[in-house]
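Position 6 (the sequence shown) corresponds to 6 in UniProt numbering; numbering is contiguous. Just so it is clear, CB atoms sit at the ideal spot from N, CA and C, and this is done for glycine as well. Below is one structure, written out as structure tokens, with a few remarks after it.
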Amino acid sequence: MVTRLCSGTEYELFSPSPLNRFNHIFSFPNYFSFEQDIKLDDLDTNHFVLVHGGGFGAWCWYKTIALLEEGGFKVTAIDLAGSGIHSFDTNGVTSLSQYVKPLTDFLDKLADGEKTILVGHDFGGACISYAMELFPHKVSKAIYVAAAMLTNGQSTLDMFSQKAGSSDLMQQAQIFVYANGNNHPPTAINLDKSLLRDLLFNQSPGKDVALASVSMRPIPFAPVLEKLNLSDFKYGTVRRFYIETSEDNAIPITLQESMINSSPPEKVFRLKGADHSPFFSKPQALHKLLVEILKIPST
């Protein structure tokens, strides 16, 4: 098995074949060696748009933002509705379109011909898929980082309900919020703070766990239930890439692989030693992977 060592972290690049990805492993440094001379001006975009996962906010990307900006890239981190410092009450978010509106509004306002690299983490994967269906012409590549990469007609809840690779710890950590009363469906999901480290941050520094514990907000429930409407001629035209996280307790590697096999992306990467939050646990390695994916030319 050929791997690339970088900042103490092993990367693996797999063929996306759903039948037997593991028989086709490329030498990561050799595979990308021809791209070293590519300049930012030669790319169709150098603008990363970072979309957080459930309960997180734009704040979770602070290390990634700093590293990308130091490299000369343009970066925008979005707070989805009721997340981060977005003022809306999470319990009032009743649809996926409402939840994703800060992202779709941002894409809608981009100049004609301007493209982005969408990066979605966790539930943010479903959110960037929704946006890709609306604005395929404004997305050069989509990168799913330990994210919900759904098929047409599937919801995030459907994905988490799969028996293969489901996380018992995730089920234990969920605390349902009934803002409209116990006789009505849940409005949001809180995560038990005592289980956050084991669930999301089992490889992350303590200071980042502390930041998350005082910054995370409830996850709106209705968007998690909503099934995506994805078409081949819109969503399907965007180049997709997946970054697996090998030490993930929230979306275990078997569940990530199940999603990949159901809807194979162009290429699959595995980030060794990363928990569910690689922007905390492996920030340098994640940064390098994002830049490498950005530089992959059209085939």
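Measure the CB-CB distance between residue 133 and residue 227 and report whether it falls below 7 Å. no
Mapping DSSP to helix, strand and coil, what is residue 264? coil
Is it the case that the Cβ atoms of residue 240 and residue 265 are separated by a distance below 7 Å? yes
Measuring only the C-alpha atoms, how far is residue 115 from residue 181? So the two alpha carbons sit approximately 44 Å from each other.
Mind checking which residues open and close the alpha helix (DSSP H) that includes residue 238? Counting along the chain, residue 238 falls outside any alpha helix (DSSP H), and DSSP gives it neither H nor E.
Just checking my contact of residue 60 with residue 52 at CB under 8 Å: how many whole Å lie between their CB atoms? 5 Å
Against chain D, with Cβ distances strictly below 7 Å, would residue 191 count as a contact? The chain labelled as chain D is not found in the depicted structure, where only one protein chain is given.
Taking the beta strand (DSSP E) that residue 48 falls in, what are its first and last residues? 47 to 51
Here's the rule I'm using: 16 or more other beta-carbon atoms within 10 Å means buried, otherwise exposed. How should residue 69 be labelled? exposed
Using a Cβ distance threshold of 8 Å, determine whether the segment 193 to 206 contacts the segment 89 to 107, with at least three qualifying pairs required. Contact between the segment 193 to 206 and the segment 89 to 107 is absent, with fewer than three C-beta pairs closer than 8 Å.
Between the segment 204 to 219 and the segment 137 to 154, are three or more C-beta pairs nearer than 8 Å? With the cut-off at 8 Å, the segment 204 to 219 and the segment 137 to 154 do not touch.
Run through the segment 173 to 225 for me and flag every whole beta strand (DSSP E) of 3 or more residues, listed as ranges in chain order. 174 to 177, 188 to 191
My guess is that residue 271 and residue 244 are in contact by the Cβ rule of under 8 Å, so how many angstroms apart are they, rounded? 7 Å
Near the ligand NAD: residue 67 beta-carbon under 6 Å from a heavy atom: In terms of ligand content, the structure shown is empty, and the ligand NAD therefore cannot be addressed.
Going by DSSP, what residue range makes up the alpha helix (DSSP H) through residue 288? 283 to 295
Minimum C-alpha distance to residue 194 - residue among 93, 209, 188, 267: 209
Which residues DSSP lists as bridging residue 120, in chain order: 51, 144
Rounded Cβ spacing between residue 279 and residue 64 (contact assumed at less than 8 Å): With a Cβ gap of about 5 Å, residue 279 and residue 64 count as contacting.
List the whole-angstrom C-beta distance separating residue 57 from residue 122, where the pair is believed to meet the contact cut-off of C-beta under 8 Å. With 8 Å as the limit, residue 57 and residue 122 do not qualify as a contact, their Cβ atoms being about 12 Å apart.
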